[in-house]
Every structure is written in C-alpha cells, then in structure tokens.
Amino acid sequence: MEIIKIENLSKSYSSLKRKNNVLALDNVSLSVERGKIFGLLGQNGAGKTTLVKILLGLTHPTEGRFSLFGDSTNNYKNKKRIGYLPENHRFPNFLTAYQVLYYLGLLSELNYDGLKRKIFEALELVGLKGVEKKKVKTFSKGMMQRLGIAQAIIHNPDLIFLDEPTDGIDPIGRKEIRDILVRLKNENKTIFLNSHILSEVELITDNVAILHQGKLIKQGSISDLTAIENEYRITTDSELDTFLSKSDFVNFQLKKLNGFTYVLSGTDEDGLNKFVDLLRLNGITIKELIKQKLSLEEIFISLIKDLDKVK
Amino acid sequence: MRNIFIIILYTLRELFARKLFIAFGIISTLAIGIIWMILANGSVMINQFGNANPGYDEMEKIVLGFEVSAILFLSDLFILIAIFSCANLISSMLEKGTIDVFLSKPISRTQLLVGKYLGGVTFVFINMTYLVVGIFLVVSFYFNLWSFTVLLAIPVITFTFALLNIFLIISGLLTRGSALGMIVTYFYFIVLSPILAARDSISNFISSDILKQFLDFLYYLLPQVHDIVKTVFKQILLQNENVQYELLIYSTIFLIAGLAISFFIFEKKDL
Numbered sequence: 001m002e003i004i005k006i007e008n009l010s011k012s013y014s015s016l017k018r019k020n021n022v023l024a025l026d027n028v029s030l031s032v033e034r035g036k037i038f039g040l041l042g043q044n045g046a047g048k049t050t051l052v053k054i055l056l057g058l059t060h061p062t063e064g065r066f067s068l069f070g071d072s073t074n075n076y077k078n079k080k081r082i083g084y085l086p087e088n089h090r091f092p093n094f095l096t097a098y099q100v101l102y103y104l105g106l107l108s109e110l111n112y113d114g115l116k117r118k119i120f121e122a123l124e125l126v127g128l129k130g131v132e133k134k135k136v137k138t139f140s141k142g143m144m145q146r147l148g149i150a151q152a153i154i155h156n157p158d159l160i161f162l163d164e165p166t167d168g169i170d171p172i173g174r175k176e177i178r179d180i181l182v183r184l185k186n187e188n189k190t191i192f193l194n195s196h197i198l199s200e201v202e203l204i205t206d207n208v209a210i211l212h213q214g215k216l217i218k219q220g221s222i223s224d225l226t227a228i229e230n231e232y233r234i235t236t237d238s239e240l241d242t243f244l245s246k247s248d249f250v251n252f253q254l255k256k257l258n259g260f261t262y263v264l265s266g267t268d269e270d271g272l273n274k275f276v277d278l279l280r281l282n283g284i285t286i287k288e289l290i291k292q293k294l295s296l297e298e299i300f301i302s303l304i305k306d307l308d309k310v311k
Numbered sequence: 312m313r314n315i316f317i318i319i320l321y322t323l324r325e326l327f328a329r330k331l332f333i334a335f336g337i338i339s340t341l342a343i344g345i346i347w348m349i350l351a352n353g354s355v356m357i358n359q360f361g362n363a364n365p366g367y368d369e370m371e372k373i374v375l376g377f378e379v380s381a382i383l384f385l386s387d388l389f390i391l392i393a394i395f396s397c398a399n400l401i402s403s404m405l406e407k408g409t410i411d412v413f414l415s416k417p418i419s420r421t422q423l424l425v426g427k428y429l430g431g432v433t434f435v436f437i438n439m440t441y442l443v444v445g446i447f448l449v450v451s452f453y454f455n456l457w458s459f460t461v462l463l464a465i466p467v468i469t470f471t472f473a474l475l476n477i478f479l480i481i482s483g484l485l486t487r488g489s490a491l492g493m494i495v496t497y498f499y500f501i502v503l504s505p506i507l508a509a510r511d512s513i514s515n516f517i518s519s520d521i522l523k524q525f526l527d528f529l530y531y532l533l534p535q536v537h538d539i540v541k542t543v544f545k546q547i548l549l550q551n552e553n554v555q556y557e558l559l560i561y562s563t564i565f566l567i568a569g570l571a572i573s574f575f576i577f578e579k580k581d582l
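From first to last, the protein sequence lines are chains A and B.
According to my numbering, the residues represented by the first sequence are 1 to 311, in order.
According to my numbering, the residues represented by the second sequence are 312 to 582, in order.
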C-alpha cells in the first residue's frame with residue numbers, strides 16, 4: 001500500500017530581489033510503500049526539504065498533488081500519524097528535555113495519563129535517559145538531535161520524516177540511530193529519510209530517489225540502482241590466467257583485480273554458469289562469486305556529473 | 312480547544328521563563344505598596360476635596376476616583392510593558408526549526424495562532440488581575456468601602472491590550488520579527504489613538520473637509536483604545552447615562568477582522 005503518493009509536484013518561489021522565480025521542485029512524482037525506509041538524496045538546495053515541507057503542509061505547492069495515507073485533503077488531523085524531525089530544529093531554551101516532550105506529546109494528542117511513561121520510553125530509546133531534567137540549552141548538537149528523534153516518535157506514528165537525522169552525531173550514535181530506524185521499520189513504520197550521508201542511506205534504505213535542482217533524476221531500489229549489469233567478481237584458489245585467452249570466452253572480459261580475484265564482464269547468467277562449470281571441470285575452487293555493484297555514492301556522483309556535463 | 316489551551320500554557324511558560332511575570336509582579340507590588348503608604352495619610356487626601364467629613368455617597372465617589380486614577384495611570388505603564396513583552400511571541404514561534412516542529416503535530420495554523428494570541432492576552436489578564444485586585448483590596452480595606460465595579464478595569468484593560476495585540480500579530484506574521492510590531496503598536500497607542508480620540512477638538516484647527524473625514528474614517532476603522540480606557544471605562548464606573556458602548560462594538564469588529572486577516576496571512580504563508 002502506498003503511504004505517500006506524489007504526482008507532478010512543483011514549487012516555485014517568487015522573490016522581489018530576483019527577476020525570475022526560483023524553481024525549487026520541478027514536476028516530481030514518486031510513491032513510498034508502507035513499511036519501507038525511503039531515502040531522498042540530493043545536494044544542498046536540491047529541493048529535499050521543500051518536498052517534505054509540502055507533504056507536511058508547511059509549504060504550499062505551486063502545482064501538482066499528493067496524498068498521505070490515501071488522503072489528498074492535507075487534513076492536519078492526519079499528522080497524529082506522522083512524526084517529523086526537521087533539519088536544524090530548535091527547542092525552546094527555557095524547557096527541559098522532559099518539558100519539550102511533554103508539550104509536544106500533548107500536541108500529538110497523547111493523553112495526560114501515560115504521557116510520563118511514554119516520555120521516559122522515548123528518552124531511553126534515543127539514549128537520553130537520565131537527562132530529562134536538564135535544560136535543552138545545555139544540550140550538545142548530538143543530544144538535540146536525539147531529542148528531536150524522540151519527539152518525532154513519541155506518539156508512535158506510522159510515517160516518520162527525518163531530515164538529516166544523524167547530523168552532528170558521532171559514529172556510535174549514528175549506528176544507534178540506524179538501529180532505531182531499522183527497529184521502527186520492523187514495526188511496519190514507514191520512514192522517509194532526507195540525507196546527504198549516502199553511505200548511511202545505503203545501509204538502511206529500501207528505495208531511494210535522487211533530486212537534482214528540483215528534478216527527480218533517478219529512483220528505485222538500492223539493489224537495482226547500485227547493481228552493474230552483467231558484471232561479476234570472482235575469487236578462486238588459483239590463477240585464471242589460462243582462461244584469459246580462451247577462445248570460448250571471446251565475448252567476455254576477464255580482468256585481474258588482485259591475487260586470485262578477477263572481474264568477469266559482458267556475460268549474462270547463462271554464460272556465468274558455463275564459466276563456473278568450466279572452472280570446476282578444471283578443478284578450480286570458487287571461494288567467492290558476487291555480482292559487481294557500485295556504491296550509492298558512486299552512482300550519485302556519476303549522475304550529477306553527467307547532468308552537469310549535459311548542461 | 313485542547314490544542315489552543317496547550318499553546319496558551321506554552322506561551323505563558325515562555326513569558327514566565329523570560330522573568331516577565333516576576334517583573335510585572337514586582338512593579339505591581341511596589342505600586343500597591345506606594346498606594347498603601349499614600350493612604351496612610353488618607354485624611355489629608357480627603358481634606359483636599361474640601362470636606363473633612365464627607366457623606367457615604369461622596370466618600371464612595373472619592374474612593375472610586377482614587378482607585379480609577381491609580382489604575383488608569385498604572386494600566387498605561389502596564390500596557391507599554393506588555394507590548395514589549397509580547398512583541399516577539401510570533402517571531403519566536405516563526406523561527407525556522409521551531410514552527411516546523413509545531414506544525415508537524417496535529418494542530419492547525421489557526422489553533423496555533425489563536426493559542427499564541429490568547430497566551431499574550433492571558434498574560435496581561437493575570438497581571439492586571441493582580442494589580443487591580445491588589446489596589447482594590449488595599450483601598451477598600453482602608454476606607455471600608457467596597458466598590459466592586461472598579462474590578463471592571465481588569466476586562467477593560469485586557470480588552471485594550473487584546474486590540475493592540477492585533478498589530479503585534481499581523482506585523483510579526485508579515486516580517487517574522489518584532490521590531491516593526493513594537494514601533495507600530497507604540498505609535499498607535501501613544502500617538503495616533505489619542506490624536507484620533509481628540510479629532511473633534513483638532514477639527515477646529517483644520518480647514519480641509521477631506522482631512523476631517525479622513526480622521527473620522529481612521530477613528531472608526533481602527534480600535535478606539537484611548538477612548539475605551541479613558542472615556543468608556545470612566546463612564547461605566549461613574550454610572551453615566553450616556554455610556555458610549557458603540558465604541559466597544561466598533562473595536563470588537565476591528566478585533567474580529569484583525570484576527571481573520573492574521574489567520575489568512577498565516578494560512579497562506581510558506582514556512
């Protein structure tokens with residue numbers, strides 16, 4: 001089931017200082033399935049935050065439409081099923097962590113009864129147990145980020161928008177946050193993640209979309225996007241140099257990487273199987289055989305570079 | 312209603328954190344203390360009215376007059392401080408990273424704005440209640456005369472601030488800052504409103520009919536804060552037969568229209 005459906009969404013900003021309108025989003029269409037972690041990637045100013053703000057009703061679209069939970073009315077009541085961690089969020093300095101969650105918990109339609117328990121559960125989940133009485137003005141960036149996540153999940157929402165959730169958090173903290181997100185996903189929550197830390201996105205997301213200058217330039221599952229067609233890496237227990245010149249494999253390319261590791265390219269699955277059979281016939285043991293893939297970062301950079309070249 | 316109530320509480324908490332309740336409390340307590348000290352020489356004061364042994368009705372009028380004078384003097388001061396105190400309630404709410412968190416919760420923009428607006432008004436109501444009740448108790452105990460009508464000052468002055476708060480809200484929404492709101496509101500309260508209230512006298516020195524009509528137009532378009540406090544309130548207390556209730560109606564229309572404009576601006580705003 002589609003939790004988020006966006007159709008031809010555009011947003012332009014007019015400015016007295018500029019002659020032309022600034023197109024922050026240009027005809028963006030995408031959808032997000034329930035229970036998935038969806039990553040929205042893009043450089044700074046690509047339109048990621050604008051898209052989330054439109055979905056949350058903070059900004060009005062110029063054109064296009066969207067629906068959340070199948071409802072396209074943008075009813076604010078739907079927000080009790082939504083959690084949001086904005087980028088560079090601010091909490092009032094005069095409040096303690098407990099008070100922040102108290103007010104925001106009440107606004108999330110939590111009842112007074114049980115609110116205290118939920119506050120402590122949320123604080124424990126994000127690793128802020130024991131600091132509930134501390135004023136947020138004494139919090140580090142990482143603690144603020146954790147508190148932001150706590151307020152986004154305190155009311156057990158079905159859909160969670162996180163804008164740069166690991167910003168300012170140390171590597172161990174990042175791992176903890178990734179674990180929280182995976183745990184939420186396992187509870188059938190849908191997570192919409194805005195991030196420019198591609199290595200992290202790659203670790204936890206199911207699907208990604210890449211925005212560039214307001215346009216959606218690529219979307220799909222992580223495995224589809226990062227896979228390289230007909231290319232495999234093979235590690236054996238001995239040299240394969242004799243096969244490099246085999247006439248049977250003239251359509252293939254076998255390239256030595258290092259040691260007994262080679263890259264086999266230009267073959268489909270049938271060809272691959274034939275090659276494996278041949279190795280076995282020759283008494284060669286295959287230690288590892290994996291489909292070659294690029295990292296998300298490599299894909300992203302290559303896409304952006306290609307677009308810039310076209311321009 | 313629940314959301315509005317939560318935002319009112321939050322706003323009061325914000326004002327409390329800025330020590331504004333304490334500041335108002337200290338000023339009010341000092342004012343009440345000074346009035347008590349003045350009353351310690353009460354016989355001297357009453358003698359000033361030319362009668363050392365006034366009758367009950369006359370005494371009541373004297374006491375009421377004293378209370379009203381004290382309250383009106385202090386209310387001007389309080390409104391000036393309240394404008395300063397509440398000027399940044401909207402701009403602090405609209406800060407990036409703050410407004411996003413609020414509006415990601417199941418609360419409408421209208422509820423959020425109403426909560427902020429009423430939070431400021433409630434702040435003034437609480438402080439005016441302390442001041443007026445304090446003065447009322449001190450004066451009434453001293454003279455053993457209990458003119459409860461003086462307590463009307465609480466809703467009247469709160470209403471006056473509610474009218475001025477519209478300027479703060481609209482300016483805050485348009486500029487995301489507090490400076491313009493303060494300038495406009497102070498200018499209206501200190502300069503323009505008294506001028507408009509005195510437009511009949513001023514008209515004697517103006518030859519242009521268009522200018523006279525323009526002053527009349529502004530007077531009825533904008534809230535009559537000066538007249539509400541200085542004229543209508545006094546008329547009610549002194550049981551004047553010709554109380555200008557229509558000024559309260561015109562001002563209420565301004566308040567409703569001002570709030571409607573604020574909701575419209577906020578609803579259309581990209582945050």
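In this text, a Cβ means the ideal position worked out from N, Cα and C, and glycines have one as well.
Just checking: is the beta-carbon of residue i within a distance shorter than 7 Å of some beta-carbon in chain B?
i	result
K80/A	yes
E187/A	no
R146/A	no
E2/A	no
K77/A	yes
G108/A	The identity of residue 108/A in the sequence shown is Ser, whereas the question assumes Gly. Yes, S108/A counts as interfacial toward chain B.
Y112/A	no
F94/A	yes
Y103/A	yes
List, in order along the chain, the chain B residues whose C-beta lies closer than 8 Å to that of residue i?
i	result
G57/A	L414
H60/A	K579, D581
Whose C-alpha, out of the options, is nearest the C-alpha of residue i?
i	options	result
I345/B	F498/B, I506/B, L385/B	L385/B
E296/B	D538/B, F478/B, L549/B	The question about residue 296/B has no answer, for chain B in this structure spans 312 to 582.
L484/B	I315/B, L326/B, S402/B, E378/B	S402/B
I481/B	E378/B, F327/B, I576/B	I576/B
M370/B	F389/B, V450/B, L323/B	V450/B
L107/A	L548/B, I318/B, Q550/B, L341/B	I318/B
L41/A	T205/A, S265/A, I284/A, G266/A	T205/A
G70/A	K309/A, T166/A, R34/A	R34/A
Check residue i in the structure and name its three-state DSSP category.
i	result
D527/B	helix
K79/A	helix
R233/A	strand
H212/A	strand
G114/A	coil
A351/B	coil
Q219/A	strand
I153/A	helix
E288/A	strand
F328/B	The identity of residue 328/B in the sequence shown is Ala, whereas the question assumes Phe. A328/B falls in the helix class under three-state DSSP.
V554/B	coil
N194/A	strand
E7/A	strand
F285/B	Missing from the structure shown is residue 285/B; chain B here goes from 312 to 582 and no further.
Q546/B	helix
Using beta carbons (cut-off 7 Å, strictly below), is residue i in contact with chain A?
i	result
T496/B	no
S573/B	no
L485/B	no
D581/B	yes
Y428/B	no
P417/B	yes
Y499/B	no
I317/B	yes
Y531/B	no
Q359/B	Residue placement at Q359/B is poorly supported in this model, since its pLDDT is 47, which falls under 50; the coordinates still yield a value, given next. No, Q359/B does not count as interfacial toward chain A.
Y453/B	no
Using a C-beta to C-beta distance shorter than 7 Å, which residues of chain A count as neighbours of residue i?
i	result
T409/B	R90
A328/B	F94
Mind listing the chain B neighbours of residue i? Cutoff is C-beta to C-beta under 9 Å, in chain order.
i	result
L279/A	Simply none; closest approach about 57 Å.
Q43/A	Chain B residues near Q43/A: none, gap ~20 Å exceeds 9 Å.
For residue i and residue j, which I take to be in contact (beta-carbon distance under 8 Å), what is that distance rounded to the nearest angstrom?
i	j	result
L198/A	R178/A	Going by Cβ atoms, the distance from L198/A to R178/A rounds to 14 Å, so no, they are not a contact pair.
S419/B	Y76/A	5 Å
N27/A	S10/A	6 Å
G336/B	Y441/B	7 Å
Taking only beta-carbon positions, decide if residue i is within less than 7 Å of chain E.
i	result
F69/A	Of the protein chains in the structure, A and B, none is chain E.
List the residues of chain A that residue i touches, going by C-beta distances under 8 Å, in chain order.
i	result
N314/B	L107
Y321/B	Y103
At a CB-CB cut-off below 7 Å, which residues of chain B make contact with residue i?
i	result
P86/A	G408, D411, V412
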